[in-house]
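In terms of the working numbering, the sequence shown opens at residue 11 and continues consecutively. Okay, structure first, notes after.
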Amino acid sequence: MLYQLHEFQRAMLSPLTAWAQAASKSFANPSSPFSLIPGAPRMAAAYELLYRLGKDYEKPEFNIHQIVKDGHNIPIVEQTIVEKPFCRLLRFKRYSDDADAVTQLKDEPVVLVCAPLSGHHSTLLRDTVRTLLQDHKVYITDWIDARMVPVEVGPFHLHDYVEYIQEFIRHIGARNLHVVSVCQPTVPVLAAISLMASRGEDTPLTMTMMGGPIDARRSPTSVNSLATQHSLAWFENNVIHTVPANYPGEGRQVYPGFLQHTGFVAMNPERHAQSHWDFYQSLLRGDEEDAEAHRRFYDEYNAVLDMAAEYYLETIRVVFQEFRLAEGTWDVNGERVRPQDIKHTALMTIEGELDDISGSGQTHVAHELCTGIPQDQRRSLTAEKCGHYGIFSGRRWRTIIYPQLRDFIREHAPEPKNGSAKDRPDATAGTSDTPAASAPALAAVPAGQAQRETAKAAATLAKRARAKSSGALSPKAAPAAKRASGARAKPVRARKAA
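Structural data, given as structure tokens:
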């Protein structure tokens with residue numbers, strides 16, 4: 011019933027928000043007569059704030075179309091590689107028309123980013139993906155809003171999540187793969203890799219756990235306390251609702267995204283209220299840069315998705331109430347999850363000092379569970395003055411956390427196929443016929459091959475000298491040769507993918 015009431019409220023507010031948006035534009039547009047009214051800037055700011063508080067937020071796009079790497083503009087194309095009922099595996103494919111750039115891009119490590127299924131869309135990790143694309147081939151899990159999945163498709167359980175991750179790892183190929191899990195997926199990702207190791211399958215080269223509740227008993231936060239203060243039946247009776255008739259998933263039992271969003275806001279209500287007030291003040295000052303930053307953040311933060319009820323309830327029970335992964339009592343489809351069986355996957359854990367969602371030690375505990383991983387293949391990082399979102403987005407992510415993650419991945423990446431060194435951060439951006447471009451290329455050629463190429467070049471030069479001295483051109487060939495020498499060759503540049 012609550013879901014229906016929420017939809018009714020949204021429908022009732024729709025005309026008001028549309029009117030507020032139109033009024034804001036009328037008072038802000040210099041060509042509008044309303045902008046000449048005294049107090050017009052205040053009216054425009056107030057109406058835009060009203061519009062943003064009442065509007066419906068759709069899933070944003072990644073909008074990653076290009077990155078700049080070593081002076082080259084690298085176009086990015088978003089592709090759907092695997093499509094499952096509740097998730098899509100996306101790849102951000104990089105293209106270049108520079109041969110040296112393509113060679114470098116092809117040799118870079120492959121990273122699978124496991125986005126959380128906890129209320130927000132995978133686009134919350136936009137900054138994570140954009141940063142990783144500088145040095146990696148990037149895939150990401152893109153979870154589908156449960157209200158958009160018809161009931162006929164069937165349920166989605168926590169063990170289905172684990173199986174999805176395993177399928178994606180196998181599809182990409184574990185032997186050259188590095189898995190990065192952010193927040194919630196640290197638990198199912200660790201389970202997926204543990205089960206693969208127990209079966210003797212290839213496992214990823216590295217796994218990085220970022221701010222996740224692997225053992226929610228460590229430094230419990232308000233999120234953890236909520237799960238332990240109520241029974242599973244309480245959650246089932248109070249937060250599980252039925253998708254209404256105006257969605258493809260009509261009749262599906264879900265944990266609605268609007269309830270999760272309410273919970274997010276309730277954790278820091280003063281901070282959000284202050285943020286909206288600051289937005290209003292930015293509009294009054296005409297500070298469009300600050301105002302646009304606010305819009306971008308809340309366009310993402312306010313866009314939420316529903317989760318399948320069975321998945322949500324099982325996560326509450328297994329992760330936050332019974333702590334089965336940490337206790338070593340978790341069975342997935344009859345198989346015991348044994349992190350100690352992982353032996354050939356390096357482990358890095360990352361926590362934020364000020365994380366108020368996953369408390370201190372909840373992620374680092376993975377090192378205690380994965381006893382089979384050698385000590386020299388482990389690394390842990392606690393980012394100072396960093397909150398939950400700061401470990402995967404923003405300035406601290408880009409300047410403090412990412413460089414260490416990049417180095418960790420490089421350390422455990424296989425040697426590139428072209429024989430160049432693993433760490434080539436400063437690839438030459440020049441064309442192949444310039445000294446700057448040819449020097450690194452020669453450095454990468456083995457000594458024997460270089461000698462053979464030198465001898466071949468000397469023989470070619472000698473042959474040309476003999477032909478020139480003997481005047482070998484026939485009368486018929488001379489005009490053609492003259493035309494050829496006078497014509498400037500047109501380079502053919504094919505854009506290649508990496």
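Beta carbons are placed, not taken as given, at the ideal position from N, Cα and C, and that holds for glycine.
Asked	Found
Considering only DSSP beta bridges, list what Tyr265 is partnered with.	Met317
Can you tell me the Cα-Cα spacing of Pro266 and Asp108, whole angstroms?	47 Å
Can you check which of these residues, Tyr67, Ala111, Val92 and Ala54, is closest to Asp80 by C-alpha distance?	Ala111
Mind checking Met219: buried by the 16 CB within 10 Å criterion, or exposed?	buried
What three-state label does DSSP hand Glu324 in the structure shown?	helix
Which same chain residues end up closer than 6 Å to Asn312 when comparing Cβ atoms and leaving out the 5 residues on each side of it in sequence?	Tyr67
If you run the structure through DSSP and keep just helix, strand and coil, what is Thr470?	For Thr470, the pLDDT reaches just 48, beneath the cut-off of 50, and the residue's location in the model is therefore unreliable, although a value from the coordinates is still provided. Three-state DSSP puts Thr470 in a helix.
Taking C-alpha atoms, which residue in Phe44, Gly371 and Asp417 lies nearest to Gln387?	Asp417
Alpha carbon to alpha carbon, what distance is there between Leu242 and Asn248?	10 Å
Suppose only complete runs of 3+ residues qualify. What are the beta strand (DSSP E) ranges in the region 368-404, listed by chain order?	388-393
Is the beta carbon of Asn137 less than 8 Å from the beta carbon of Ser403?	The question names Asn, but residue 137 is Asp in the sequence shown. Contact: yes.
Going by DSSP, which residues form a beta bridge with Gly362?	Ala393
Determine, using beta-carbon pairs with one atom in the region 323-340 and one in the region 163-174, whether at least three such pairs fall under 8 Å.	yes
Say the cut is 7 Å; is the CB of Gly259 nearer than that to a heavy atom of the ligand PLP?	Among the components of this structure there are no ligands whatsoever, and the ligand PLP is therefore not found.
Using the Cα positions of Asn73 and Met11, report the straight-line distance between them to the nearest angstrom.	36 Å
How is His188 classed by DSSP in three states: helix, strand or coil?	strand
Taking the alpha-carbon positions, what's the Ala336 to Ser370 distance?	15 Å
With DSSP as the reference, label Trp340 as helix, strand or coil.	coil
Alpha carbon to alpha carbon, how far is Thr196 from His130? Give it in angstroms, no decimals.	16 Å
I need the boundaries of the beta strand (DSSP E) containing Trp287, first residue and last residue.	Per DSSP, Trp287 belongs to no beta strand (DSSP E); it is in the alpha helix (DSSP H), Pro279 to Arg295.
To the nearest angstrom, how far is the alpha carbon of Gln385 from that of His354?	12 Å
Quickly, what does DSSP pair Val92 with across the bridge? List them, please.	Leu99
Going by DSSP, name the residue or residues bridged to Gln76.	Pro85
Nearest chain B C-beta to Thr138 closer than 8 Å, yes or no?	As a matter of chain content, chain B is missing from the structure shown, which is built from one protein chain.
Look at the alpha carbon of Ala38 and the alpha carbon of Asp288, and state the distance between them as a whole number of angstroms.	18 Å
With three or more C-beta pairs closer than 8 Å as the rule, is the region 394-412 touching the region 354-367?	yes
What's the call for Glu58, buried or exposed, on a 16-neighbour Cβ count within 10 Å?	buried
Could you check if Glu425 is buried or exposed, using at least 16 other CB atoms within 10 Å of its CB as the buried criterion?	exposed
For Pro198, count neighbouring C-beta atoms within 10 Å of its own C-beta (all shown protein chains included) and say buried if the count is 16 or more, exposed if not.	buried
Taking buried to mean at least 16 other C-beta atoms within 10 Å of its own C-beta, is Gln114 buried or exposed?	buried
Can you tell me whether DSSP reads Leu215 as helix, strand or coil?	coil
Leaving out the 5 sequence neighbours to the left and right, which residues in its chain are closer than 7 Å to Val375 when beta-carbon positions are compared?	Ile224, Asp225, Arg228 and Ala336
Considering Cα atoms alone, identify which of Phe274, Arg62, Thr392 and Pro254 is closest to Leu236.	Phe274
Does the distance from the CB of Tyr149 to the CB of Ile203 come in under 8 Å?	no
Can you list, in chain order, the residues of its chain whose CB lies under 6 Å from that of Ala356, leaving out five sequence neighbours each side?	Thr216, Gln387 and His422
According to DSSP, simplified to helix, strand and coil, what is Ile224?	coil
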